[in-house]
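Participant:
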Amino acid sequence: METVIEHYGIWSLLPPLVAIVLAFKTKQVLPSLFAAVFVGATIIYKNPITGFAKTIEQYIAGSVASPWNAGIIVFDIALGGMIGVVAKSGGAKAIAEWLGRKAKNAKSAMVSTWAMGLLIFFDDYSNTLLVGTTMRPLTDKLRISREKLAFLTDATAAPVASMAFISTWIAYEMGLLRDAFSSIGVEINIYSAFIQSIPFRFYSIIMLGFVFMIAFTGRDFGPMLKAERRARKTGKLVEDGSTPLASKELTDMEIKEDIPLRIYNALIPVLTVVVMVIIGLYVNGRMAVLNGDDVELIKRLKDNPLAFTVIRDVIGSANAAVAMMWASFAGSIVAMILVLTQKILTFKETMEAWIDGAKSLVIAIMVLVMAWSIGSICKDLGTAKYLVGILGGKVPATIIPMAVFLLGCIIAFSTGTSWGTTAILMPIAVPLVYQLSGGDTGVLLYATIGSVFTGAVFGDHCSPISDTTIMSSMASASDHIDHVKTQIPYSLTVAIIALAVGYLPAAIFKIPPVVSIILGLAISFIIIKVYGKKVEDLDKVTNA
238 METVIEHYGI WSLLPPLVAI VLAFKTKQVL PSLFAAVFVG ATIIYKNPIT
288 GFAKTIEQYI AGSVASPWNA GIIVFDIALG GMIGVVAKSG GAKAIAEWLG
338 RKAKNAKSAM VSTWAMGLLI FFDDYSNTLL VGTTMRPLTD KLRISREKLA
388 FLTDATAAPV ASMAFISTWI AYEMGLLRDA FSSIGVEINI YSAFIQSIPF
438 RFYSIIMLGF VFMIAFTGRD FGPMLKAERR ARKTGKLVED GSTPLASKEL
488 TDMEIKEDIP LRIYNALIPV LTVVVMVIIG LYVNGRMAVL NGDDVELIKR
538 LKDNPLAFTV IRDVIGSANA AVAMMWASFA GSIVAMILVL TQKILTFKET
588 MEAWIDGAKS LVIAIMVLVM AWSIGSICKD LGTAKYLVGI LGGKVPATII
638 PMAVFLLGCI IAFSTGTSWG TTAILMPIAV PLVYQLSGGD TGVLLYATIG
688 SVFTGAVFGD HCSPISDTTI MSSMASASDH IDHVKTQIPY SLTVAIIALA
738 VGYLPAAIFK IPPVVSIILG LAISFIIIKV YGKKVEDLDK VTNA
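Residues in the sequence shown are numbered from 238 upward in steps of one, following this note's numbering.
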C-alpha cells in the first residue's frame with residue numbers, strides 16, 4: 238500500500254521561495270514560476286526527468302483542464318475581446334474623456350477608481366478586470382502610474398467581495414463556517430455567523446479606508462511614491478525595461494480619426510457584463526439548487542424566489558466561472574452589435590479588434606496557468622500543512638487570532654491562494670480556539686474567524702503568484718513585479734495596524750471591534766499624513 242505523505246517538511250517551502258526570489262531577481266514571472274513548479278515536481282518524484290514531464294503533463298496541463306480554471310481563461314479571453322472592440326470603436330476613449338471632464342485631477346480619478354471597486358462587489362475577478370480596464374484610459378491621461386492603478390484595483394477587490402452580503406465568496410465562506418461549527422458541536426445560523434465575523438475583518442476594512450485616504454490625500458510613500466513621481470514628471474506610466482501584463486495590441490490600439498466618440502459604446506457593454514454576471518449567478522445557482530438535495534432551500538426557492546435570503550443562498554450555490562463566461566460573451570456580442578449597427582467598424586474590423594483584445598491577455602493567462610500550477614504543487618507538497626504544524630498547539634487562546642492571522646498571511650503569500658488558505662486554517666483554528674477558551678463562542682471565536690479570512694486576503698494581496706494580483710496587473714497593464722513591490726509596503730502597513738489595534742486588543746482586552754476599526758483608520762491617516770509625501774501637482778500641464 239502506498240504511503241500518503243502529509244507534507245515534505247521544510248522542502249515544501251522551496252518551490253514558493255524559488256518562485257518569489259527568481260521573480261524579484263529577474264523580473265520575469267513566467268520562467269520563475271516554471272522553475273518553481275519543476276523544483277516541486279522533482280522533489281515529489283525524486284527525479285528531474287520525471288519532474289520535468291510531470292510539470293508539463295500533470296501541473297500545467299492539469300491546471301488548464303480544471304473546469305473552474307478553464308472557465309476563468311475563457312472569461313478572460315472573451316472580456317479581453319470585448320475590451321478590444323470597445324477600444325477600437327472609440328468607446329473607451331469617450332468614457333475616459335467624459336470622466337476626464339468630471340475628474341479634473343489625479344485625486345478625483347483615484348477616488349473614482351476606489352468607488353468603482355466598491356460598487357463591483359459581487360466577484361473579485363470581475364472587479365479587477367472591469368475596474369482596471371475601464372479606468373486605465375483616464376488614469377493614463379492624468380499620468381497616474383500603472384502601479385498605482387493596479388494597487389487601487391487589487392486592494393479593493395478581495396476585501397469587498399469577501400465581505401459582501403451577496404457575492405461569489407459567500408457560499409464558500411459559509412460552507413467553511415458550517416463545517417467549523419459542526420466540528421465543535423455548536424448549532425448556529427451560519428449566515429448570522431458570517432455577519433458577526435465581518436466587524437472582525439480588521440485588515441480588509443482598514444485597507445478599504447487606507448486606499449481611500451491614499452487616493453484622497455494624494456500622498457504616497459515608499460516605492461509607490463517613486464512610481465507616481467516618475468509618472469507625473471516624465472509621463473512614463475511604467476518603469477523603463479518593465480514588462481506590462483498587457484500587449485500593445487490593446488494599450489496602443491489606434492482609433493480612426495473620423496470615428497464618433499460615444500460613451501454608451503463603452504458603458505453598455507460593461508454594464509452588460511456586470512448585469513449578466515449577477516443574472517448568471519442567479520440562473521446557474523437556481524439550477525444547482527433545484528438539482529441538489531437541499532429540500533428546505535428548494536422549497537424556499539419555489540415559494541419565494543425573490544426573497545433576499547433566497548437570492549443570497551442561490552447566488553452562493555452558483556458556479557461563478559460559468560456566470561462570468563456567459564457575461565463576457567454577452568458583453569462581446571453587445572459591443573459588436575453596437576459598432577456594426579452604427580457602422581463605426583466593418584465586420585472584419587470588428588473581429589480584428591476582438592482578436593487583438595483577446596491576444597492582449599495571452600501572457601497574463603499563461604502567468605495565471607503557472608500560478609495555478611504552483612498552487613497544485615504546494616498542495617501536493619503539503620506546504621500549508623507544514624506551516625500550520627509549526628504553530629499548532631503552541632500558543633495560548635488569547636493570541637490565537639494574532640497567530641492565525643500571521644499564519645494565514647504566510648500561507649497565502651507562499652501559495653498564492655486565499656481560498657486554499659482558509660480551507661486549511663478554518664477547520665484547525667475554530668476547534669483550537671474553542672477548546673483553549675473553554676467553549677467560548679463570543680469575541681475570541683469571531684476574532685479568530687475574522688483573522689482566518691483576512692490573513693488569507695493579505696497574503697493573496699502581496700503574493701506575486703496570486704491569481705487576483707496577476708489579474709490586477711493584467712487589467713492595469715502594469716509590470717507584475719513592480720505592482721507587487723509597490724503594494725507590499727502598503728499591505729504590510731495595514732496588516733501591522735490590524736494586528737496592533739485589532740486582533741490583539743480584541744482578543745486580550747475584549748475591545749469592541751468598532752473601536753479597533755476607528756483607531757485603525759485614525760492611525761492609517763496619521764501614517765499617511767506624516768510619512769506620505771504629495772506628488773508634485775502637474776494636473777494643469779496634463780489637462781492642457
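For every residue, glycine included, the Cβ atom is placed at its ideal position computed from N, Cα and C.
Applying the criterion that 16 or more other CB atoms from any shown protein chain within 10 Å of the CB defines a buried residue, is Gln-579 buried or exposed?
Facilitator: Exposed: under 16 other Cβ atoms inside 10 Å.
Participant: Could you pull out every residue in the same chain whose Cβ sits closer than 7 Å to the Cβ of Leu-736, ignoring the five residues on either side in sequence?
Facilitator: Closer than 7 Å at Cβ, skipping near neighbours: Met-639 and Phe-642.
Participant: Gly-696 and Thr-658 - do their beta-carbons sit closer together than 8 Å?
Facilitator: Yes.
Participant: If you run the structure through DSSP and keep just helix, strand and coil, what is Met-411?
Facilitator: Of the three classes helix, strand and coil, the one that applies to Met-411 here is helix, per DSSP.
Participant: What's the call for Ala-302, buried or exposed, on a 16-neighbour Cβ count within 10 Å?
Facilitator: With fewer than 16 other Cβ atoms within 10 Å, it is exposed.
Participant: Which parts of the segment 470-543 are runs of the alpha helix (DSSP H), unbroken and 4 residues or longer, counting only runs that do not cross its ends?
Facilitator: You should have 485-488, 501-527 and 532-540.
Participant: Please name the residue in Leu-259, Ser-326, Thr-393 and Asp-617 whose C-alpha comes closest to that of Ala-352.
Facilitator: Closest option to Ala-352, Cα to Cα, is Thr-393.
Participant: Closer than 6 Å by C-beta to Ser-655: which residues in its own chain qualify, once you throw out the five before and the five after it? Chain order, please.
Facilitator: Here the set comprises Ala-649, Ala-693, Val-694 and Asp-697.
Participant: Once DSSP output is grouped into helix, strand and coil, what is the label at Asp-677?
Facilitator: Correct three-state label for Asp-677: coil.
Participant: How is Arg-373 classed by DSSP in three states: helix, strand or coil?
Facilitator: Correct three-state label for Arg-373: helix.
Participant: Using 8 Å as the cut-off, can you tell me whether the segment 420-436 makes contact with the segment 724-731, which would need three or more C-beta pairs spanning the two stretches below that distance?
Facilitator: Contact fails: fewer than three Cβ-Cβ distances are below 8 Å.
Participant: What is the DSSP secondary structure of Phe-312, counted as helix, strand or coil?
Facilitator: Looking at Phe-312 - three-state DSSP - the assignment turns out to be helix.
Participant: Closer than 8 Å is the cut-off here; do at least three beta carbon pairs connect the segment 710-725 with the segment 669-677?
Facilitator: No, the segment 710-725 does not touch the segment 669-677.
Participant: Exposed or buried, what is Tyr-519 when buried is set at 16 or more other beta-carbons lying within 10 Å of its beta-carbon?
Facilitator: Tyr-519 should be labelled buried.
Participant: Pick from Ser-326, Met-400 and Ser-382: whose alpha carbon is nearest that of Ile-357?
Facilitator: Comparing Cα positions, the closest option is Met-400.
Participant: Drop a sphere of 10 angstroms on the beta-carbon of Leu-682, count the other beta-carbons inside from all chains shown, and report buried for 16 or more, exposed for fewer.
Facilitator: Its Cβ being crowded by 16 or more others within 10 Å, Leu-682 is buried.
Participant: So Thr-730 is in the alpha helix (DSSP H); what residue range does that whole segment cover?
Facilitator: 717-735 is the span of the alpha helix (DSSP H), which, as asked, contains Thr-730.
Participant: Tell me whether Leu-504, by its Cβ, gets closer than 7 Å to a heavy atom of the ligand ADP.
Facilitator: The ligand ADP is not part of this structure, which contains no ligands at all.
Participant: Use the C-beta contact count for Lys-543: other C-beta atoms within 10 angstroms, 16 or more gives buried, fewer gives exposed.
Facilitator: The question names Lys, but residue 543 in the sequence shown is Leu. Exposed, because fewer than 16 other Cβ atoms sit within 10 Å of the Cβ of Leu-543.
Participant: Taking C-alpha atoms, which residue in Ala-307, Thr-370 and Ile-309 lies nearest to Leu-504?
Facilitator: Ranking the options by Cα distance to Leu-504, first place goes to Thr-370.
Participant: Look at the alpha carbon of Ile-381 and the alpha carbon of Gly-757, and state the distance between them as a whole number of angstroms.
Facilitator: Spanning the two alpha carbons is a distance of roughly 27 Å.
Participant: So what does Lys-782 bridge to, in DSSP terms?
Facilitator: Past the edges of the chain, shown from 238 to 781, lies residue 782, and the structure says nothing about it.
Participant: Using the beta-carbon count (16 or more within 10 Å), is Glu-476 buried or exposed?
Facilitator: Counting Cβ neighbours within 10 Å, Glu-476 comes out buried, since at least 16 surround it.
Participant: Give the DSSP-derived three-state secondary structure of His-698 in the structure shown.
Facilitator: His-698 falls in the helix class under three-state DSSP.
Participant: At least one CB of chain B closer than 8 Å to the CB of Leu-669: is that the case?
Facilitator: The displayed structure is made up of one protein chain only, and chain B is not part of it.
Participant: Please report how far the alpha carbon of Val-255 lies from the alpha carbon of Ser-269, in whole angstroms.
Facilitator: In a straight line, the C-alpha of Val-255 is about 7 Å away from that of Ser-269.
Participant: Mark Ser-761 as exposed unless 16 or more other C-beta atoms lie within 10 angstroms of its C-beta, in which case mark it buried.
Facilitator: Its Cβ being crowded by 16 or more others within 10 Å, Ser-761 is buried.
Participant: With a threshold of 16 other CB atoms inside 10 Å of the CB of Tyr-623, please say whether the residue is buried or exposed.
Facilitator: Buried.
Participant: Can you check whether the CB of Gly-594 is closer than 8 Å to the CB of Ile-320?
Facilitator: It is a contact, given that the beta carbons lie within the stated cut-off.
Participant: Report yes if the C-beta distance between Arg-466 and Val-772 is below 8 Å; otherwise report no.
Facilitator: It is a contact, given that the beta carbons lie within the stated cut-off.
Participant: For Tyr-768, count neighbouring C-beta atoms within 10 Å of its own C-beta (all shown protein chains included) and say buried if the count is 16 or more, exposed if not.
Facilitator: Burial call: exposed.
Participant: Output needed for Leu-445: all residues of its chain with C-beta closer than 6 Å, excluding positions within five of it in sequence on either side, in chain order.
Facilitator: Pro-396, listed in sequence order.
Participant: With DSSP run on the structure shown, which of helix, strand or coil describes Asn-556?
Facilitator: If DSSP states are grouped into helix, strand and coil, Asn-556 belongs with coil.
Participant: Per DSSP, what kind of secondary structure is Leu-251 in: helix, strand or coil?
Facilitator: Three-state result, Leu-251: helix.
Participant: Restricting to Cα atoms, I'd like to know which of Arg-456, Lys-378 and Ile-435 is closest to Lys-770.
Facilitator: Lys-770 has its Cα closest to that of Arg-456, out of Arg-456, Lys-378 and Ile-435.
Participant: Could you tell me how far apart the beta carbons of Ala-343 and Leu-379 are, in whole angstroms, since I believe they sit closer than 8 Å?
Facilitator: At roughly 5 Å, the Cβ-Cβ gap stays under 8 Å, so Ala-343 and Leu-379 are in contact.
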